[in-house]
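Protein chains in written order, with our numbering: chain A, 1 to 311; chain B, 1 to 311. Just so it is clear, CB atoms sit at the ideal spot from N, CA and C, and this is done for glycine as well.
Written as C-alpha cells, this is what we have:
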C-alpha cells in the first residue's frame with residue numbers, strides 16, 4: 001500500500017454519569033486524513049483544510065503528525081509520510097476534534113505499514129496526539145474514536161480500556177451551539193471534593209448504564225443516564241442548557257448530557273426518526289434564544305475509523 | 001399450602017468498588033425459617049435458635065415477623081402465622097444476617113399465600129425487616145438474598161434493583177474473624193466528602209466489574225475489584241486485614257474486600273479448590289495472630305431462597 005484515505009469519527013466523552021471514564025463514537029461528523037509514502041524520510045503535513053488556519057502544520061506540534069512519528073519510531077521505521085488533513089468538524093466544540101485526527105492518523109499509518117499492531121496496541125500512540133492537543137494523554141475521546149462504539153476507560157495505570165457492545169438501535173443527536181466554552185474553565189470549575197452520597201449515586205448509575213448497554217435494555221440505559229456531580233456545575237457554563245435538555249427529553253431522548261466539556265450536548269435515542277426530531281427541537285430551542293447551532297444525527301458508530309480509499 | 005420451611009442465603013454487600021450499590025448471595029451460610037398457618041389471626045414467633053438469645057421474639061421488633069406482617073397487610077390478609085427461626089450464621093458479622101431472615105420471611109410468606117407477588121414486588125417488604133434491624137431500609141443485602149446472584153441497587157427513589165447474571169464458575173470464600181466491629185463506627189469513620197479523582201477511579205471500576213460479570217470475564221472482574229475510597233478507611237477497624245488480604249491474593253483470589261461493614265472479609269475465585277485453599281490461608285493467617293475465625297466457602301448463589309419442605 002502506498003496511499004490511504006481514512007475517516008475517523010467524532011466522539012462524545014463524559015457520557016453523563018461516566019465522567020472521565022465513558023465515551024462513544026458517532027458516524028457523523030468526523031475527520032478525514034490522507035497519508036502517502038514519500039521518498040524523503042520525514043513526516044510532513046502538506047495541507048490542512050476546514051480549520052480556518054488554526055491548526056499547526058509543524059510536524060512536531062500537529063496531533064496527526066505527532067501520532068504518526070511516535071508510531072513509526074515504535075516500529076523502527078524511517079518511512080517518510082506526506083499528510084493531507086481535512087477537518088470536517090468544529091474545533092473546541094466538545095466532540096473530540098483532536099481525537100478524531102489522532103485516531104485517523106493511528107489507524108491510517110497502521111494500515112499503510114502493513115498492520116503491525118492491533119487497534120488496542122495502537123491506542124497509546126493515538127493518545128500522544130491528545131497529549132499535544134490537550135496537554136494530557138486522555139483516552140476518553142480517542143479510545144472510542146479508534147475502537148468504535150462505547151468504550152470504558154477503567155484505568156490509566158495500567159491502561160485498561162473495555163469496549164462495551166453497542167445496542168443495535170442506538171442513535172445519537174449532538175447539538176453544537178455557536179458559543180465558546182474554555183475547556184480550562186470547564187475543568188477548573190469542578191470541585192476537588194465531592195459528597196460521598198452523590199458519588200455513590202453516580203457509581204450506581206455507571207453500573208446501570210454499563211448493564212443497560214450490554215443487555216440492550218433501553219429503559220435501563222435511560223434511567224441510568226443521570227449525572228449528579230458534574231452536570232449541575234458545568235451546565236452553568238452553557239447558555240440554554242436547561243432549555244435544550246427539556247426540549248430533548250420532551251421528544252423522547254433516552255438521556256441528555258454535556259458532550260466532553262461542552263459546549264456541545266448530546267442525546268441518545270432508539271431510532272432515527274426520534275433522533276432527528278430531537279435535533280430539530282434543540283435547534284429550535286437555541287434559535288428562540290437567538291443562538292445559532294449545528295445539529296448532527298447519526299447511529300452510534302460501532303466500527304471506529306474506515307478506509308475511504310487505498311492504493 | 002399450610003406449612004413451609006425455607007433457606008435464605010447470607011450475602012456480601014459493598015462488593016469492593018460497589019460500596020452501597022452492589023451485593024451478592026452465597027450458598028452458605030444462611031438462615032432457615034418455618035412458617036405455619038395458624039387458627040389465631042396474629043403473627044407469632046414461637047422459637048428462635050442459634051442467636052444465643054439476642055434476637056427479640058416480640059413480633060413488632062423481630063425482622064422476620066415485621067416482614068410477614070407488612071406483607072399480609074399489603075395483600076389484605078388477616079391470616080395468623082406461627083414462625084420458627086433457625087439462625088445459622090453469626091449476628092453482626094457483616095454477612096447480612098438480618099437480611100437473610102428478612103428475605104427468608106418474604107419468600108416464605110409469598111409462597112405460603114399462593115405467590116401473589118414476584119420477588120421484585122416482595123422486595124420492599126423484605127426491606128422493612130432491614131429497617132427494624134438496622135434503622136434504615138437498605139437493599140444491598142436483602143435484594144441479593146431475595147433475588148440471588150449479584151444485584152446492583154441503582155437507585156432507591158424510585159427503587160431500581162438490577163440483577164446481574166452470575167458467571168458460571170464463581171466461588172466465594174468468606175472469613176469471619178472472632179472480633180467485633182460496631183457498624184455505627186464503620187459508618188461514622190467514613191468521610192462525607194471524597195476526592196473527585198478517587199471517585200472517578202471508583203466508578204470506572206464499578207463499570208468494569210459489571211461488564212466483567214455480565215461477560216464472564218474473570219480477568220476483568222479481578223482487575224476491577226479495587227476500592228480506592230472505603231477500604232483504606234474501614235480496613236483500619238479490622239485487625240489482621242492486610243495479612244488476610246495478602247494470603248488470599250497470594251492464593252489466586254480474583255479480589256478481596258470487606259463484607260458489608262465487616263469484620264467478615266470475602267474473596268471471589270474461579271473454582272472450588274482455589275476457594276478452599278484461600279479459606280485455609282486466611283484461617284492460618286488469623287491463627288498466627290492468635291485470633292480464631294470461621295471460613296465459609298461456596299458457589300455464588302444465583303437462585304436466592306429455596307424451599308426445604310412444604311405441605
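Run down chain B in chain order and give the residues with a C-beta less than 8 Å from the C-beta of residue i.
i: residue 20 (chain A); result: 200, 204
i: residue 118 (chain A); result: Those do not exist, as residue 118 (chain A) stays about 17 Å from chain B at its closest Cβ, beyond 8 Å.
What does residue i reach in chain A if we use C-beta pairs closer than 8 Å?
i: residue 191 (chain B); result: 196
i: residue 211 (chain B); result: 152, 162, 164, 210, 214
i: residue 225 (chain B); result: Within chain A, no residue comes near residue 225 (chain B); the closest Cβ sits about 11 Å away, beyond 8 Å.
i: residue 23 (chain B); result: Those within 8 Å of residue 23 (chain B) in chain A number zero; the least Cβ separation is about 12 Å.
i: residue 310 (chain B); result: Correct list: empty, because the minimum Cβ distance to chain A is about 34 Å.
i: residue 255 (chain B); result: The premise fails here: residue 255 (chain B) is roughly 14 Å from chain A at the closest Cβ pair, so nothing lies under 8 Å.
Per the DSSP calculation, residue i is bridged to which residue(s)?
i: residue 11 (chain A); result: A:25
i: residue 82 (chain A); result: A:36, A:44
i: residue 268 (chain B); result: B:172, B:255
i: residue 5 (chain B); result: B:34, B:309
i: residue 300 (chain B); result: B:26
i: residue 194 (chain B); result: A:194
i: residue 295 (chain A); result: A:175
i: residue 18 (chain A); result: A:15
i: residue 49 (chain A); result: A:86
What in chain B is Cβ-close to residue i, meaning under 7 Å?
i: residue 220 (chain A); result: 162
i: residue 262 (chain A); result: By Cβ distance, chain B contributes nothing, its closest Cβ being about 18 Å from residue 262 (chain A), past 7 Å.
i: residue 292 (chain A); result: Per Cβ cutoff of 7 Å: no residues; residue 292 (chain A) is ~34 Å from chain B at best.
i: residue 235 (chain A); result: Here the premise fails: no neighbours, minimum Cβ distance about 17 Å.
Along chain A, which residues have their Cβ under 9 Å away from the Cβ of residue i?
i: residue 259 (chain B); result: What residue 259 (chain B) touches in chain A: nothing, since even the nearest Cβ is about 18 Å away.
i: residue 281 (chain B); result: Correct list: empty, because the minimum Cβ distance to chain A is about 26 Å.
i: residue 98 (chain B); result: Result: empty, since nearest Cβ-Cβ is about 21 Å, beyond 9 Å.
i: residue 114 (chain B); result: In chain order: nothing, as chain A lies at least about 30 Å away.
Quick one: list the residues of chain B neighbouring residue i, beta-carbon separation under 9 Å, in chain order.
i: residue 298 (chain A); result: Near residue 298 (chain A) there are no residues of chain B at all, since even the closest Cβ is about 24 Å away, more than 9 Å.
Using a cut-off of 7 Å between C-beta atoms, extract the partners of residue i located in chain C.
i: residue 269 (chain A); result: Included in the structure are the protein chains A and B, with no chain C among them.
Start-end ranges of the beta strand (DSSP E) lying completely within the segment 127–184 of chain A, minimum 3 residues: 150–156, 159–164, 171–177
Cβ-based contacts, 7 Å cut-off: residues of the segment 127–151 of chain A near chain B: none
Cβ pair count under 8 Å reaching 3, the segment 230–244 of chain B against the segment 288–297 of chain B: yes
What residues from the segment 40–68 of chain A come within 7 Å of chain B, judged by C-beta to C-beta, listed N to C? So nothing in the stretch comes that close.
Which ranges does the beta strand (DSSP E) cover as unbroken runs of at least 3 residues, wholly within the segment 87–123 of chain B, from first to last along the chain? Counting whole runs of 3 or more residues, the segment 87–123 of chain B contains no beta strand (DSSP E) stretch at all.
Between the segment 222–237 of chain A and the segment 256–266 of chain A, do at least 3 Cβ pairs fall closer than 8 Å? Touching, yes.
Of the residues that make up the segment 72–83 of chain B, which ones have a beta carbon closer than 8 Å to any beta carbon in chain A? none
Does the segment 212–231 of chain A come close enough to the segment 164–177 of chain A that 3 or more CB-CB pairs lie under 8 Å? yes
With a cut-off of 8 Å, do at least 3 Cβ pairs link the segment 55–73 of chain A to the segment 112–126 of chain A? yes
With three or more C-beta pairs closer than 8 Å as the rule, is the segment 128–135 of chain B touching the segment 151–160 of chain B? Result no; under three Cβ-Cβ pairs closer than 8 Å.
Chain B contacts made by the segment 167–188 of chain A, where a contact means CB separation under 8 Å: none
Under 8 Å, with one C-beta from each stretch per pair, do the segment 82–89 of chain B and the segment 41–53 of chain B reach the 3-pair mark? Yes, the segment 82–89 of chain B touches the segment 41–53 of chain B.
Please confirm if the segment 275–282 of chain A is in contact with the segment 11–23 of chain A, defined as three or more CB-CB distances below 8 Å between the two stretches. no
Does the contact criterion of 3 or more C-beta pairs under 8 Å hold for the segment 25–40 of chain A versus the segment 96–109 of chain A? At 8 Å Cβ cutoff, the stretches touch.
Would you be able to state if there are at least three C-beta pairs under 8 Å between the segment 196–203 of chain A and the segment 192–207 of chain B? yes
Counting only runs of 4+ residues fully inside the segment 213–242 of chain A, write out the alpha helix (DSSP H) ranges in chain order. 218–224, 231–234
Can at least three beta-carbon pairs, one atom from the segment 5–12 of chain B and one from the segment 186–197 of chain A, be found at a separation below 8 Å? no
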